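Here is the structure we will look at.
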Amino acid sequence: MKTKSLIKTLFLLLTVTLGSSCSKENSTADGDVSLLYNRWWYESNNTNPAPDLFFNSTGAYQQHQVISGVSVFYNGTWTWEDQDQKIMKVIHDSGTGTTTTLWFQFSGIQEGRFKVKQSSDGVTFSNTTLVYLFTNE
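For the sequence shown, the positions run 12 to 148 when this note's numbering is used.
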């Protein structure tokens with residue numbers, strides 16, 4: 012009788028421990044999308060940097076890039092295509108007078124960084140994951 016009680020107690024303890032660690036890990040990995048808003052983000056790869064990004068909480072989007080030594084800004088809008096999956100649709104003027112539509116799939120969102128993959132059709136995302144860091148400039 013004591014053995015059954017001990018086994019039940021150990022099983023309950025194990026279930027609670029595993030359940031709480033899994034849910035904590037999942038919520039941390041998903042991240043809070045509001046951490047993306049109203050900040051300039053720069054891609055951490057300095058050898059071939061991607062554009063700096065700004066997601067205004069009102070749905071405005073800005074992109075900054077230095078091309079041949081010239082600083083260029085692009086403006087547009089963003090909406091959540093699927094906020095649960097962290098997929099954002101961005102429409103902006105690429106500087107050529109034509110609009111460009113891209114989709115970003117975010118992961119690992121934290122206070123000072125996030126990971127993102129890009130798509131041109133909203134379905135197939137690149138195999139390359141870019142890491143963006145927060146800058147207060």
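Beta carbons are placed, not taken as given, at the ideal position from N, Cα and C, and that holds for glycine. The structure displayed is predicted, hence computed values, not measured ones.
Item                                                                                                                             : Value
Would you kindly work out how many angstroms separate the C-alpha atoms of Ile102 and Thr146, rounded to a whole number?         : 23 angstroms
Taking DSSP's pairing of strands, which residues face Val83 in a bridge?                                                         : Gln76
Determine the burial state of Tyr143: buried for a count of at least 16 other Cβ atoms within 10 Å of its Cβ, exposed for fewer. : buried
Do Leu64 and Gln76 have their C-beta atoms within less than 7 angstroms of each other?                                           : no
Quick check: the Cα distance between Asp132 and Phe66, rounded to an integer number of angstroms?                                : 20 angstroms
Going by DSSP, what residue range makes up the beta strand (DSSP E) through Gln129?                                              : 124-130
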